[in-house]
Amino acid sequence: MMSNPPRNEGSSADSSIKSSAFGNHTDRNFDVVKDSMDLAISLNKTESLDAVLDDFSEGYFSLSNENRKKLLLVLAKEYDLNRNQVSELLKQYPGLELQSGNEGESSNVDDESALFSAFYWIEKNLRQALKPMYDVLFERLNNHTGGLKFLSILRADILSILEHENIVSLRALEYFLKEKLSTWLSPAALELHQITWDDSASLLEKIVAYEAVHPINNLLDLKRRLGIDHRCFGYLHASIPGEPLIFIEVVLLKNVAQTIQEVLWDDPSIPEPEATCALFYSISSTQPGLAGINLGKFLIKRVITLVKRDMPQVSLASQSVLAKGDNTEQPAGGSGSTFQENLLEPDEERMLMNSAPGTCAGKKGMEVMLNLLTSTNYEWTSSAELLSALKPPLMRLCARNDRSCVVSDTEV
1 MMSNPPRNEG SSADSSIKSS AFGNHTDRNF DVVKDSMDLA ISLNKTESLD
51 AVLDDFSEGY FSLSNENRKK LLLVLAKEYD LNRNQVSELL KQYPGLELQS
101 GNEGESSNVD DESALFSAFY WIEKNLRQAL KPMYDVLFER LNNHTGGLKF
151 LSILRADILS ILEHENIVSL RALEYFLKEK LSTWLSPAAL ELHQITWDDS
201 ASLLEKIVAY EAVHPINNLL DLKRRLGIDH RCFGYLHASI PGEPLIFIEV
251 VLLKNVAQTI QEVLWDDPSI PEPEATCALF YSISSTQPGL AGINLGKFLI
301 KRVITLVKRD MPQVSLASQS VLAKGDNTEQ PAGGSGSTFQ ENLLEPDEER
351 MLMNSAPGTC AGKKGMEVML NLLTSTNYEW TSSAELLSAL KPPLMRLCAR
401 NDRSCVVSDT EV
């Protein structure tokens, strides 16, 4: 399904109503929207550009899904890079050879300078030729009010199409746009904001709407998640004000929680100085068009730094601890990956090592388990001792909270 326009922008908020109201008229509008797209790319008068970009974005939202796809294909094919120009420039490059003087002879400085000048000229033109023409549209939209949000929706639509059809030109368009968005949304361009009960109602509404892991049921639930022993952080961008691109929820606990129920409802709030554990139990993206851009990784690292700075006494854990024994902690020395996961409890590790004495010399329990599970002879399947040792951690892995598949106790 194609993405809907942003709900908080008046110019496009009623696009779904418009689409049904226009009916076949949206199809007749295709040429008008295409013309506005062409103009947005070719126009040189900056004073008229804002109006043209507004016309294009509003027109895009008025199109049916089929015509959006048609327009994106036009953009991908007609405004791709000029391969004839690239080919001509590449033919010129091998003809230039650096001349090295013989021993005892000085190089001709003028000839060398002229040669490098030719190299630089070809390389400059080659870099320019390797940029597709739709780069102009993306750059102009990024500098336009509401343009970054529109580009995110544009990419979400492209990804939706590519889920069903592998269209090479569209895949190239999507990849190029992803690279542009990754640059524009670097951590330096993002504001880390702690979301509290004092934030605007519109921002809090978005937290409720976009929470994808553990839905927020009511105002009491929201207030609890933003309360004394909780933290909620989000990345904001100046071009999309009042709307976090991604947010993470953290709870402070005396002891590591065994179930999500303890985190959300059961345990009463504790004084923060008594906290020994910070549990990262939910992370949600609000923009489908930013899929594959590492905002989550950057956000987690920033929040870890803040929590460790403000509360050095706490250990850090990911959501996987909610399945008993699956604890994920930050390495004490700060080296290696941000999270280091151990799926085995101490008694389980001892049992596993005793069950496989010939394969565990100098190895840790996790390494032994991985080697057994990935071996091609499947020896563990025929050993009662190994089956008994591996069953508890494997059962916990199967029981991990998967938001795409929830099984009730009565179904097990």
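At position 368 of the sequence shown the residue is numbered 368 (UniProt numbering), and the sequence of numbers has no breaks. Where a beta carbon is used, it is the ideal one built from N, C-alpha and C, also for glycine.
In terms of Cα proximity to L89, the closest of P288, S383, N125 and L370 is N125. In this structure, M353 and V368 form a Cβ contact; the two beta carbons are roughly 7 Å apart against a cut-off of 8 Å.
Taking T196 as the centre and dropping the five residues before and after it, the same chain places the C-beta of L226 closer than 6 Å to its C-beta, in chain order. Per DSSP, reduced to three states, the secondary structure at A278 is strand.
Less than 7 Å separates the beta-carbon of E348 from that of P392. Distance check between S87 and each of Q128, T276 and G59 places Q128 closest, using alpha-carbon atoms only.
Taking all protein chains shown into account, T286 has 16 or more neighbouring C-beta atoms within 10 Å of its C-beta and is therefore buried. When DSSP reads this structure, G234 sits in a beta bridge with H193 and F247.
Here the alpha carbon of K206 sits roughly 7 Å from the alpha carbon of E243. Annotation for L43: L49 and V52 place their beta carbon closer than 7 Å to its own, counting only its chain and skipping 5 residues before and after. Contact between L236 and L190 is confirmed by a C-beta separation of about 7 Å, below the 8 Å threshold.
Below 8 Å, enough C-beta pairs join the region 243 to 262 and the region 204 to 223 to call them touching: three or more.
The beta carbon of G292 sits closer than 8 Å to the beta carbons of K178 from its chain, once the five residues preceding and following it are set aside; these are given in chain order. Around the CB of M37, 16 or more other CB atoms lie within 10 Å, so the residue is classed as buried.
Excluding the 5 residues flanking it on each side, Q85 has same chain C-beta neighbours closer than 7 Å at A129, in chain order.
Rounded to whole angstroms, the Cβ separation of V256 and H230 is 16 Å, and the two are not in contact under 8 Å. When DSSP states are grouped into helix, strand and coil, I240 belongs to the strand group. In the DSSP secondary-structure assignment, S285 is bridged to I246.
Ranked by how close their Cα comes to the Cα of S269, the residues K254, G234 and F280 have K254 in first place. In the displayed model, S315 falls within a strand according to three-state DSSP. Within its own chain, the residues whose Cβ lies closer than 6 Å to the Cβ of A76, once the five positions on either side in sequence are excluded, are S169, L170 and L173, listed in chain order.
The beta carbons of M2 and R68 sit about 6 Å from each other, so the pair counts as a contact at 8 Å.
No Cβ-Cβ contact shorter than 7 Å links S284 with H214. Each of L137, Y93 and F138 was checked against the Cα of F116, and the nearest Cα belongs to Y93.
Approximately 46 Å separates the beta-carbon atoms of G289 and L386; this is outside 8 Å, ruling out the contact.
In the three-state reduction of the DSSP assignment, L253 falls in the strand class. Collapsing the DSSP output to three states places I161 in a helix.
By the neighbour-count criterion, in which a residue is buried when 16 or more other Cβ atoms sit within 10 angstroms of its Cβ, W380 is buried. In the DSSP assignment, V136 falls within the unbroken alpha helix (DSSP H) covering Y134 to N142. Under the 10 Å beta carbon count, H144 is surrounded by 16 or more other beta carbons and is classified as buried.
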